[in-house]
Amino acid sequence: MNNISIIGGGIGGLVTALCFKKLGIAYKLYERAETLKAVGAGTWLSPNALQVFEWINPALLREIQNLGNTFNSILVANHQLNPISNSNQDFAKKRYGYTTMAIHRGALQRILYSSLPKEDIILGKEFKQYSQNNNESYKIEFTDGSHIHTHAIIGADGIHSGIRKQLFPKSRIRYSGQSCWRGVADYEIDANLASVGFTLWGKKLQFGVSKLEQGKTYWFAVKLSKPKQKDDKTGLTVILIEMFSEFHSVVNALIENTSIHNIIRNDLSNLELLHKWHSNNTCLIGDAAHNITPDLGQGGAQAIEDAYYLSNFIMKQLA
Ligand SMILES: Cc1cc2nc3c(=O)[nH]c(=O)nc-3n(C[C@H](O)[C@H](O)[C@H](O)COP(=O)(O)OP(=O)(O)OC[C@H]3O[C@@H](n4cnc5c(N)ncnc54)[C@H](O)[C@@H]3O)c2cc1C
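Residue numbers (my numbering): -9 to 309.
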């Protein structure tokens, strides 16, 4: 019987596993993907997330910082890059010792995964359903027909969480009315913007930018849109350039220097507020519990905070 089973090996699940490892709590993590591929584009990590990495292991924080790019300021600007607000990050540096940074999602996932014992991470296992044997244990069934018994379940299985659907069948995902394209451009941004995380706001359009590493810049583009629209991939560069034609020239340069194979499109949805995230010994974390739209750059950071607080709470219960 497993003590605790984590379902989902995204940011939330992997960081929960790292917290359990630090606290000496026995667990197994089950992820449906056969391999943890370098998916996605960039992500911002704000000090609330970095504090958790520092707590897990200061060397882990350094490794993450070394592979990303730290900001001196966070700028919100109009479509022509004229500042609306510019938040100097010195206060965060003074208070925490570091500021918000950007990193490639794939690089972050690789570092987290490589810091965990492989025997505790079971890839290629897709959660199907669970049932409660008695107050003490659960049976989890996987889509390949196998099953396990466990004392507790952590649902870190993302916005479309199967665990949440069972736990709170009335929970609802709503479309935000926005579609989002993300990419990493082979492009070195001007030196004066290299340490700035910035977003340009136009009419019903938003474009976010941050340098990730030498010669690589992450961007995301958000547009009001009907849901489930498909792109004609071959013409995508032209479509995006046209969409942002009134924006500052940096936007054009970034789109032009991104391979269409590296542009991902997703509709942005969020979860209607849940008033509870757990029942008995089953608990949701991250997007499974409280997904938000990406403008705040906080969804992953909130999943990381969940991992910290839940693991420390469990530790206190076990003591
Ligand atoms: C465009 C965009 C930009 C963003 N930018 C930022 C940012 O800058 N900073 C930030 O903090 N956040 C950002 N976010 C939000 C962030 O990506 C999410 O909040 C974060 O990934 C949530 O992590 P999670 O572990 O809860 O879920 P996920 O990352 O979705 O991971 C869920 C995992 O569960 C697995 N899984 C699903 N179902 C099953 C199953 N049945 N069985 C087994 N495994 C399963 C999946 O394969 C996946 O690996 C952004 C989001 C978007 C869309």
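Beta carbons are placed, not taken as given, at the ideal position from N, Cα and C, and that holds for glycine.
No experiment lies behind these values; they were computed from the predicted model shown.
Item: In this structure, does DSSP put N124 in helix, strand or coil?; Value: coil
Item: Cβ-heavy atom distance between A214 and ligand 1 below 7 angstroms?; Value: Per the sequence shown, the amino acid found at residue 214 is Leu instead of Ala. Incorrect: L214 has no Cβ contact closer than 7 angstroms to ligand 1.
Item: Do A67 and L264 have their C-beta atoms closer together than 8 angstroms?; Value: no
Item: Which ranges would you report for the alpha helix (DSSP H) in the region 35 to 78 if only whole runs of at least 4 residues count?; Value: 37 to 46 and 48 to 57
Item: Beta carbon of F61, beta carbon of S215: below 8 angstroms?; Value: no
Item: Would you call the region 215 to 229 and the region 90 to 99 in contact, with 3 or more CB pairs under 8 angstroms?; Value: no
Item: Looking at C-alpha atoms only, which residue of L13, S(-5), L35 and L26 is the closest neighbour of G289?; Value: L35
Item: Which runs of the alpha helix (DSSP H), 4 residues or longer, sit entirely within the region 209 to 252?; Value: 226 to 233 and 239 to 246
Item: Between E126 and H141, what straight-line distance do the alpha-carbon atoms span, to the nearest angstrom?; Value: 6 angstroms
Item: Report the option in C9, G0 and M233 whose CA atom is closest to the CA atom of N302.; Value: C9
Item: Nearest by alpha-carbon distance to Y88: which of H238, Y208 and G58 is it?; Value: G58
Item: Cβ of I163 within 7 angstroms of any heavy atom in ligand 1?; Value: no
Item: Would you check if the region 101 to 116 and the region 14 to 22 touch, i.e. whether three or more CB-CB distances between them fall below 8 angstroms?; Value: yes
Item: Suppose you measure from the CA of E203 to the CA of P48; what does that come to, to the nearest Å?; Value: 21 angstroms
Item: Between A16, V42, S259 and I(-6), which has its C-alpha nearest I1's C-alpha?; Value: V42
Item: Curious, which full-length alpha helix (DSSP H) runs of at least 4 residues does the region 75 to 106 contain?; Value: 80 to 86 and 95 to 104
Item: Please classify L157: does DSSP put it in a helix, a strand, or coil?; Value: helix
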